[in-house]
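**Q** One structure, pasted below without further comment.
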Amino acid sequence: MREAFGLTAALILGLQAGPATGAGPQTRVAPPPPPYQGVYQPQGVDEIGLWREDDESERSLAASGVVIRDEQLTAYVKGVLCKAVGGDRCNSTRVYILREPTFNASMSPNGTMRVFSGMLLRMRSEAELASILGHEFGHFEQRHGLKRFKAQRTGKDILAWGSLLASMASGYNGYRAYNGLEVSIYGSLYRYGRDNEREADLFSLGYLNNSAYRPQAAARVWLNSMREAEASARVRGLKKPDFGSIAFYASHPPEAERAAYLTALASPEGEGRDDGAAAYRAAMAPWISEFLSDQIKLNDFGASEFIIEGLAESGWTADLWLARGELYRTRGNQRDLVHAADFYASAIDLDPTNAAAHRGLGLSLIKIGRRDDGAKALAKYLELAPDASDAKMIRLMVPAGGQ
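Quick note: the sequence shown, position 48, residue 96 per this note's numbering, numbers continuous.
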């Protein structure tokens, strides 16, 4: 399949090297994927064994409490995958959406796709989501899981023999040679993993170029990821991350490299296509409040505010004002509490029935010394949500007859 696809990871490396020289090589956009070969079945003892392990893992996953059991949301996400890679390719894929606030997705060799809620929170359009799902599907079509398993096994076999020979050698040189071999083997495995990631990116752009989605959206995913990391570092008082360097143990290419070659691989003819941003906002609207709540609990103020402000580019909603209020109240500085009260008030202006906003407003006002106003806001919260799990505790903060 790699030969049929035409381009290889070597081309991607060339694309990345081009901007550094100022001239850049002649480049080609990612071509469409090869013709679909039909439903794939595992071949050989190794792959059959991997699929059996994945089948057991999927059975556990299907019963897991972290899976979001919303048929409409799951069908929507799978629908985006199918639009990107084609219905014939994606039909056998099983999509599971996990309540996990980090930015991640994966696909097992047996066709199980895991999508984290934190990734859905960070996407801004169907095209961006399609680029990530297409990347994971590229791993699946190229059998990267099997190739990685074989590479790791070979590396471990070499190290086992190397350890045996080192133990038989006399003096320090045998152990020094083994240590060098160990570094070389692990370095090769990490490099091999990064090359697989680049190849999956290549396939992702091939799918997007051949779809109805705007392929230029793929690069925006990594540009936003870098901006989020910068925002997080800035608030923590840390140095700006180096997005162009590759650590020895890195399993993925640096984000600056990915943004560069994804831009180069996107077909110019797709520039005018729809991103599907409005449809994506509508599909995620019922979940944004919960996903943001999970994000805020990560205690990463800069990243959370970046995400909230990014979502607000299409207009501030009551849920976004509420989330911003929760973010500032959670940090808890006195100046943060003043801002939080304003944000909760903005949420209430847009949705006076938003019970959580009244609760947050009341708690913030009490902490900045406005106890009477705070008690009134909490009384309104109890009026709107009398059966809330914290109702008994909140009633202790409201004077008798305050409702």
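Glycine residues also receive a C-beta, built at the ideal position from the N, C-alpha and C atoms.
Enumerate in chain order the residues of its own chain whose CB-to-CB distance from Lys287 is below 6 Å, with the five nearest sequence positions on each side excluded.
**A** Closer than 6 Å at the Cβ level, and outside the excluded window around Lys287, lies no residue.
**Q** Roughly how many whole angstroms lie between the Cα atoms of Leu346 and Gly92?
**A** Answer to the nearest angstrom: the Cα atoms are 43 Å apart.
**Q** What residues in its chain sit with their C-beta under 7 Å from that of Pro302, if we drop five residues either side in the sequence?
**A** These residues qualify, in order along the chain: Phe291, Gly292, Ser293, Ile294.
**Q** Identify, in the order they occur along the chain, each residue of the same chain with its Cβ nearer than 8 Å to the Cβ of Ala423, setting aside the five sequence neighbours on each side.
**A** Once the five neighbours on either side are set aside, the close Cβ partners of Ala423 are Gly410, Ile414, Met445, Val446, Pro447, Gly450.
**Q** Could you check what DSSP says for Ala153 in three-state terms: helix, strand or coil?
**A** In the structure shown, Ala153 sits in a strand (DSSP, three-state: E or B).
**Q** So which of Ser165, His406, Arg239 has the shortest CA-CA distance to Ala425?
**A** Looking at the Cα atoms, His406 is the closest of the given residues.
**Q** Where does the unbroken alpha helix (DSSP H) through Ile336 begin, and where does it stop?
**A** It spans 325 to 344 - the alpha helix (DSSP H) in which Ile336 sits, taken as one unbroken run.
**Q** Cutting at 8 Å between CB atoms, please list the residues of its own chain near Lys440, excluding the five before and the five after it.
**A** For Lys440, where only same-chain residues beyond five positions count, there are no Cβ hits under 8 Å.
**Q** Count the other C-beta atoms from every protein chain shown that fall within 10 angstroms of the C-beta of Lys126, then say buried if there are 16 or more, exposed otherwise.
**A** Flag for Lys126 reads buried.
**Q** Can you give me the Cβ contacts of Asn272 inside the same chain, cut-off strictly under 8 Å, excluding the 5 residues immediately before and after it?
**A** Around Asn272: Arg170, Arg172, Gly358.
**Q** Are at least three pairs of beta-carbons, each pair with one atom in the stretch 387 to 406 and one in the stretch 360 to 376, less than 8 Å apart?
**A** Contact holds: three or more Cβ-Cβ distances are below 8 Å.
**Q** Return helix, strand or coil for Ile145, following the three-state DSSP convention.
**A** Here Ile145 sits in strand by DSSP.
**Q** Given this structure, state the Cα-to-Cα distance separating Pro263 from Gly320, to the nearest angstrom.
**A** Their Cα atoms are separated by approximately 10 Å.
**Q** Check this for me: beta carbons of His187 and Ala248, under 7 Å apart or not?
**A** Taking 7 Å as the Cβ cut-off, His187 and Ala248 qualify as a contacting pair.
**Q** Just the Cα atoms here: how many angstroms apart are Leu129 and Lys198?
**A** So the alpha carbons of these two residues sit roughly 28 Å apart.
**Q** Taking Cβ to Cβ, would you say Ala403 is nearer than 7 Å to Ala371?
**A** Not closer than 7 Å, so no.
**Q** To which residues of the same chain is Leu109 closer than 8 Å at the C-beta, ignoring the five residues directly before and after it?
**A** Once the five neighbours on either side are set aside, the close Cβ partners of Leu109 are Val115, Tyr144, Thr160, Arg162.
**Q** Would Val283 pass as a contact of Phe349 if the rule is Cβ separation under 7 Å?
**A** The answer is yes: Cβ separation under 7 Å.
**Q** Under the DSSP definition of a beta bridge, which residues are partnered with Thr160?
**A** Looking at the DSSP assignment, Thr160 forms a beta bridge with Arg142.
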